[in-house]
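A.B. asks:
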Amino acid sequence: MASPTPTPALPRLLKALVVSSVGVAASHLVLSDTLCLSFTAQASAALVVVAAALASLVRRSRA
Numbered sequence: 024m025a026s027p028t029p030t031p032a033l034p035r036l037l038k039a040l041v042v043s044s045v046g047v048a049a050s051h052l053v054l055s056d057t058l059c060l061s062f063t064a065q066a067s068a069a070l071v072v073v074a075a076a077l078a079s080l081v082r083r084s085r086a
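Numbering-wise, the sequence shown is residues 24 to 86 according to this note's numbering.
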């Protein structure tokens, strides 16, 4: 049986960007509604979500 061909990098990157955007939007809603944090705190939390998603993408591409 033939092994599946790997997915090209561009579709994986686009998927990661979409997932990151959803994560940023979700963290923004949760933080702004429940914790009443400042915009700076919301932005830093959103960056953490994006960094985690991109780190996951890099780990998967190296595997």
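Even for Gly, the Cβ is constructed at its ideal location relative to N, Cα and C.
Take Val73 and list the residues in its own chain whose beta-carbon comes closer than 8 Å to its own, dropping the five residues that flank it on each side.
C.D. replies: Stepping through the sequence shown from its first residue, residue 73 is reached at position 50. Excluding positions up to five away in sequence, the list reads Ser43, Gly46 and Val47.
A.B. asks: If you check the beta carbons only, do Ser50 and Ala69 fall under 7 Å apart?
C.D. replies: For the purposes of this step, residue 50 is taken as the residue at position 27 of the sequence shown. For the purposes of this step, residue 69 is taken as the residue at position 46 of the sequence shown. Going by C-beta atoms, Ser50 is nearer than 7 Å to Ala69.
A.B. asks: Does the Cβ-Cβ distance between Leu39 and Ala76 come in under 7 Å?
C.D. replies: If you number the sequence shown from 1, residue 39 lands on position 16. If you number the sequence shown from 1, residue 76 lands on position 53. Rather than Leu, the amino acid found at residue 39 in this sequence is Ala. Yes, these two residues count as a Cβ contact at 7 Å.
A.B. asks: Just verifying my parser: in three-state terms, what is the DSSP assignment at Pro34?
C.D. replies: What you label residue 34 is simply residue 11 of the sequence shown in a count that begins at 1. The answer is helix: DSSP assigns Pro34 an H, G or I state.
A.B. asks: What separation, rounded to the nearest whole angstrom, lies between the Cα atoms of Ser61 and Ser67?
C.D. replies: One-based indexing of the sequence shown puts residue 61 at position 38. One-based indexing of the sequence shown puts residue 67 at position 44. The alpha-carbon atoms of Ser61 and Ser67 are separated by roughly 10 Å.
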